[in-house]
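Colleague: Its first residue numbered 1, the sequence shown is counted upward by one per residue in the working numbering.
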Amino acid sequence: MEESFSKEKGKCGQRSAGFSSAGEDIISKLPDSLISQILLCLSTKESVRTSVLSNRWKSLWRLIPVLDLASSELPDYIAFVSFIDSFLGFGREDKSCLHKLKLVIQKCENDQSCVTRWIDFVATPKLEHLHVDFGLVSRECMEVMPLSLYVCETLLHLTLNWVSMGWFKSVSLPRLKTMRLESNIYANEASLQLLISSCPVLEDLSIVRRPDDNVKVLRVHSQALTSLSMRVGGGHDDDEVYIEDFDFEDFAVLIDAPRLKYLTFDYELSPSKVISNSGSLTKVNLLGCLCLWDDLVKRKFFTSISGVKDMNISYDTFEIIKTIMPLAQFCNLSCLEAAVLPDSLGSLPRFLESFPNLKSLILDLCDCTLTLREEIRLSFVPQCLLSSLGFVELKTSCCGTPTKIEVARYFAKNAVMLKKLVLHLSVLEEKSVVLRDLLALPRRSSRCQIIVC
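1. I'd like the span of the beta strand (DSSP E) that includes Glu-337, first residue to last.
2. What's the C-alpha gap between Gln-383 and Leu-345?
3. Out of Asp-294, Ser-314, Lys-419, Leu-394, point me to the one whose CA is closest to Lys-454's CA.
4. My output table needs one value for Asn-414: the three-state DSSP class, helix, strand or coil.
5. Please confirm if Ile-405 has its CB atom under 9 Å from at least one CB of chain C.
6. Could you name the residues that DSSP lists as bridge partners for Val-232?
7. Classify Arg-209: buried if its beta carbon has 16 or more other beta carbons within 10 angstroms, exposed otherwise.
8. At the level of alpha carbons, what is the spacing between Arg-447 and Tyr-267?
9. Classify Ile-78: buried if its beta carbon has 16 or more other beta carbons within 10 angstroms, exposed otherwise.
10. For Thr-116, which residues in the same chain have their Cβ closer than 6 Å to its Cβ, ignoring the five residues on either side in sequence?
11. What is the C-beta distance between Phe-134 and Val-163, in whole angstroms, given that I count them as a contact (C-beta under 8 Å)?
12. For Arg-219, which beta-bridge partners are listed by DSSP?
13. Should Cys-289 be labelled buried (16 or more other beta-carbon atoms within 10 Å of its own) or exposed?
14. Taking just the CA atoms, how far does Ser-172 sit from Tyr-150?
15. So, helix, strand or coil for Val-381, using DSSP?
16. Since Met-142 sits in a beta bridge, which residues does DSSP pair it with?
17. Return the chain-ordered list of same chain residues with a C-beta closer than 6 Å to the C-beta of Pro-65, the five sequence neighbours on each side being excluded.
18. From Cys-291 to Ser-270, what distance separates their C-alpha atoms?
19. Between the beta-carbon of Ser-227 and the beta-carbon of Tyr-262, is there less than 9 Å?
20. In three-state terms, what does DSSP make of Ala-70?
21. Starting from Tyr-77, trace the alpha helix (DSSP H) in both directions and tell me its first and last residue.
22. Could you say which of Leu-418, Leu-195, Ile-405, His-424 lies nearest to Ala-440 if we only look at CA atoms?
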């Protein structure tokens, strides 16, 4: 840092930034408010380092309204606590002036609990961004969020990871637009429902649930919500084993958000998922394991999302869909990405029959080491191949070449409107062989361009 203030000597007599031709320190003569704006461009750690420049700079870093720090950036947890206490200045009569607080904390079972009082101190009419991440901690080490947080009326963005939400009877977050909740413990189902429904302008909500978070039925009721992402996971290295220890039979998700446009379920294990007022849904991602136990529940769920325009599904989701085909008609769907196992390729044409206006299809061919020539070749042709499908991309990292060629053959031969067919190869040496085979493919569309990557 000192080098940036040192005088630069050169043939042209150039002077160092921040110094006049007479060697006068110009930056240090700027008003505190302007210097704090300059310090905002630095990380918290870099801002603190400016305190050694001169007596004038010794405390200027304390004026910045942003604190972004990880406990790993200090020698130990005690030093981290001491630094935060010093920064917040608990000895001052005036309250914190922070606009943004981000803390990433790694603590042990015997470490002092401080975050509750820190947040209680900064939850003032100036705080707009709060991000607290404890990483992996046991329930016993989780710190409880103070009641003042739930009535912080200036808060715009809230992220809480691995904390205890505590008991609260009222919530007033009138400006909150983004909320990220990951692996937290809630007092009960009603408290989480109250938190979500008491944010009148909340647009973006992401929830990663723990099986032991005290919430079996998750209710999302919001008039403003446009984006929702949900996942179940404990965050452990042995996540699958951890999750298998729990019985999800009584778990459910109930969503009533009439303005919801973007929905993501990623490894969501609740066997019952009910979506009401889904007319605004535009894009749905069904990733990882999608748990739906009852056929009637499955049909109702897919019918409730049948108005979407864009959808991405995992191979687990495809396997669920196979059991209840034919699906409801997804007449608005124009873009689809789907992962398909080799044994399920024969179901692909029937699956595509549910998307009569499909324009773009991306297929992830999972572990395709089998050759399924006859099964693909003898399948019927769905409506979208005859009227709308213009782009097909075949993605894979381990699919056998014969299977890829056979899938490509199916689309090239039957897709009337196809303009581009893209194949991704896992082995570069295959390219010349694949190109030769592809050039020999019959093409239903004279405009079809085949690209090998």
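All residues carry an ideal CB built from backbone N, CA and C; glycine is no exception. Please read these numbers as outputs of a predicted model, since none were measured by experiment.
Modeller: This is what the structure gives:
1. Against the sequence shown, residue 337 aligns to sequence position 337. Run containing Glu-337: 335-340, per the beta strand (DSSP E) assignment.
2. Position 383 of the sequence shown, counted from the start, is the residue given in the question as residue 383. Position 345 of the sequence shown, counted from the start, is the residue given in the question as residue 345. Taking the straight line joining both Cα atoms gives about 18 Å.
3. One cannot answer for residue 454 here, as it falls past the ends of the chain, which runs 1 to 453.
4. Counting from one through the sequence shown, the residue named residue 414 turns up at place 414. Here Asn-414 sits in helix by DSSP.
5. The structure shown contains no chain C; it holds only a single protein chain.
6. Here residue 232 corresponds to residue number 232 of the sequence shown, with the count starting at 1. Its beta-bridge partners are Arg-209.
7. Working through the sequence shown from its first residue, we reach residue 209 at position 209. When all chains shown are included, Arg-209 counts as buried.
8. The residue you call residue 447 lines up with position 447 of the sequence shown. The residue you call residue 267 lines up with position 267 of the sequence shown. One C-alpha to the other measures close to 40 Å.
9. Within the sequence shown, residue 78 is the residue found at index 78, counting from 1. The residue in question, Ile-78, is exposed, as its Cβ has fewer than 16 Cβ neighbours within 10 Å.
10. Numbered from 1 along the sequence shown, position 116 holds the residue referred to as residue 116. Contacts found: Glu-143, Val-144, Pro-146.
11. Counting from 1 along the sequence shown, the entry for residue 134 is found at position 134. Counting from 1 along the sequence shown, the entry for residue 163 is found at position 163. Sure, about 6 Å apart at Cβ, within 8 Å.
12. To locate residue 219, count along the sequence shown from 1; it is residue 219. Answer by DSSP bridge pairing, in chain order: Leu-254.
13. Along the sequence shown, one-based indexing puts residue 289 at 289. So Cys-289 ends up on the buried side.
14. Here residue 150 refers to the residue found at position 150 of the sequence shown. Here residue 172 refers to the residue found at position 172 of the sequence shown. The alpha-carbon atoms of Tyr-150 and Ser-172 are separated by roughly 6 Å.
15. Stepping through the sequence shown from its first residue, residue 381 is reached at position 381. DSSP places Val-381 in coil when its eight states are reduced to three.
16. Counting from one through the sequence shown, the residue named residue 142 turns up at place 142. Met-142 pairs with nothing; no bridge assigned.
17. Within the sequence shown, the letter at position 65 stands for residue 65. Counting only Cβ-Cβ distances below 6 Å, and skipping sequence neighbours, we find Cys-97, Leu-98, His-99.
18. Here residue 291 refers to the residue found at position 291 when the sequence shown is read from its first residue. Here residue 270 refers to the residue found at position 270 when the sequence shown is read from its first residue. Computed Cα separation, rounded: 6 Å.
19. Here residue 227 refers to the residue found at position 227 of the sequence shown. Here residue 262 refers to the residue found at position 262 of the sequence shown. Contact flag set, yes.
20. Here residue 70 corresponds to residue number 70 of the sequence shown, with the count starting at 1. Strand, per DSSP.
21. Here residue 77 corresponds to residue number 77 of the sequence shown, with the count starting at 1. Start and end: 77-88.
22. For the purposes of this step, residue 440 is taken as the residue at position 440 of the sequence shown. Of the listed residues, the one whose Cα sits closest to Ala-440 is Ile-405.
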